[in-house]
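Participant:
Residue numbers (my numbering): 15 to 89.
1. Of the choices 52, 56 and 62, whose alpha-carbon is the least far from that of residue 72?
2. Can you look up residue 81 in the DSSP assignment and give me helix, strand or coil?
3. Got a sec? Which residues, its chain only, sit under 8 Å from residue 36 by beta carbon, not counting five neighbours each side?
4. Check for me: the beta strand (DSSP E) holding residue 37 runs from which residue to which?
5. Could you tell me if residue 60 is buried or exposed, where buried requires 16 or more neighbouring beta carbons within 10 angstroms of its beta carbon?
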């Protein structure tokens, strides 16, 4: 499946929303999970490992700028 960074970001946002909507109950406690995503566009001739590093950097940014969000690069 091929998609651009906008479509991938939209999918990540839907996943993030679904994860956050789920309420976990454990021993009389309730809490919600959060999810952060780093999204990057992998260009046709780019190095896969460099793209993974970029996605990891975007994920790191998402976690350190408030968590529970999607950060996309490369569009």
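Even glycine gets a Cβ: it sits at the ideal position worked out from N, Cα and C. All of these numbers come straight from a predicted model, not from anything done at the bench.
Facilitator: Judging by the given coordinates:
1. 52
2. coil
3. 46 and 47
4. 37–40
5. exposed
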